[in-house]
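This report concerns only the one structure given below.
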Amino acid sequence: MDKLYENIKNRRIALKMTQQELAEKMGYTNRSSIAKIESGAVDLNQSKIVQFAKILETTPSELMGGTGFTDDRTHGQPLEYYEDTTVQKVTEAMRTNPESRIVFDAVSDMKPEDLIVIAKLIEKKSD
69 MDKLYENIKN RRIALKMTQQ ELAEKMGYTN RSSIAKIESG AVDLNQSKIV
119 QFAKILETTP SELMGGTGFT DDRTHGQPLE YYEDTTVQKV TEAMRTNPES
169 RIVFDAVSDM KPEDLIVIAK LIEKKSD
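This is the structure in structure tokens:
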């Protein structure tokens, strides 16, 4: 996850955007929120990563520093919210299976580390 915070900072700087400007675009009241995020002191959930990507004119995948599964909501663009390949596999299976899609939708705003726990529990249950 450290790569995420480093990439947010690097992308902001590349766009010649101040922490205050980014904070305002993200809906934060001041730049200290961005400073905390860039230092890795704050965990970001999936929806915040997507919001940062849009504002920083990049993709969640690039912010996370890798490639991953695709999501039909982004017209096939790669999403890398989770670095764990088990999470990617289980999440993609949940997303594409109509019976488990409700689970995918329910966990879509969870932090990656929380989803890893759920994915491992699901994988263990299916053994």
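Using the numbering used here, read the sequence shown as starting at 69 and increasing by one per residue.
We treat Cβ as the ideally placed atom computed from N, Cα and C, and that holds for glycine.
Given G133, which residues of its chain have a CB within under 8 Å of its CB, disregarding the five upstream and five downstream residues? K71, L72, N75 and E148
Rank I186, N78 and I184 by C-alpha distance to the C-alpha of E125 and give the top, closest one. N78
State the CB to CB distance for the pair M94 and Q119, rounded to an integer number of angstroms; the pair is presumed to be in contact (CB under 8 Å). 6 Å
Kindly list the residues whose CB is nearer than 8 Å to the CB of I81, restricted to its own chain and excluding five residues on each side of it in sequence; keep chain order. none
Would you call E106 buried or exposed, if buried means 16 or more other Cβ atoms sit within 10 Å of its Cβ? buried
Go through its chain and collect everything with a Cβ distance to S99's Cβ below 6 Å, but skip five positions before and after it. One detail in the question is off: residue 99 reads as Arg in this sequence, not Ser. If we look at R99 and ignore the five residues flanking it on each side, its Cβ neighbours are Q87, Q88 and A91.
To which residues of the same chain is V110 closer than 7 Å at the C-beta, ignoring the five residues directly before and after it? Only K104 meet the Cβ criterion.
Can you give me the start and stop residues for the alpha helix (DSSP H) that M85 sits inside? First-last for M85: undefined, no H or E at that position.
Let me know the alpha helix (DSSP H) ranges lying completely inside the segment 69–129, each 4 residues or longer, listed in chain order. 70–82, 87–94, 100–107 and 114–123
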